[in-house]
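J.: End of the sequence shown sits at 162 in numbering that gives the first Met the number 0; the numbers just go up one at a time, nothing left out.
The beta carbon of each residue, even a glycine, is placed where N, CA and C say it ideally should be.
Dumping the structure here so I can ask a few things about it.
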Amino acid sequence: MTQRDPDPNQQERDERFMQLAIDEAQRALDHDDVPVGAVVVDADGVVVGYGRNRREQNQDPTAHAEVEALRLAAKARGRWRLEGVTLYVTLEPCVMCAGALVNARVKRLVYGAWDRRFGGVQSVFQLCTAPELNHRLEVQAGVLEAPCREMLQAFFRARRGNR
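Dropping the structure here:
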């Protein structure tokens, strides 16, 4: 597993960008989408892509926050290979999104809450670090985990009517 404890400066940077992903997740609520947000940041600390779940809004099963953010980052960079970038996302990516991260050659993944049912990075599958694949990511889990998890739990409680 490639999870490691970041240095204090890295931890502060990770929390700052995770907060931007949380802000994106909040915007997904405007369209009754599951509140997941993502941002792609280059090595210089510049946000080159962002996204939020838009499955309900676009009626598109692939409109996950990570995919939306990767599409914008690729467009901004003018190429599909996103070497050197870090993707911040509020929820552990699913298998589809983990595969997209590997294929895009993302350097590092930082996520907030674990997804014990559908996680494609650590909880259920380990696609981002699988030795069989041609690319592996550095992974840092649990950054601002509590607010990421609480936002998701509140969303699903409201959908079930258990406010």
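Taking only runs that begin and end inside the region 51–105, name each unbroken alpha helix (DSSP H) of 4 or more residues, in chain order.
T.: Within the region 51–105, the complete alpha helix (DSSP H) runs of at least 4 residues are 54–57, 64–76, 94–102.
J.: Between the alpha carbons of residue 98 and residue 73, how many angstroms are there, rounded?
T.: Taking the straight line from one Cα to the other gives about 16 Å.
J.: Can you tell me where the beta strand (DSSP E) with residue 12 in it begins and where it stops?
T.: Run containing residue 12: none in the beta strand (DSSP E); it sits in the alpha helix (DSSP H), 7–27.
J.: Alpha carbon to alpha carbon, how far is residue 18 from residue 42? Give it in angstroms, no decimals.
T.: Answer to the nearest angstrom: the Cα atoms are 18 Å apart.
J.: With a cut-off of 8 Å on the beta carbons, I'd call residue 32 and residue 54 a contact; round off their distance for me.
T.: Contact holds; Cβ gap of about 6 Å.
J.: Just to confirm the assignment, what range does the beta strand (DSSP E) spanning residue 172 have?
T.: No statement about residue 172 is possible, as the shown extent of the chain runs from 0 to 162 and does not include it.
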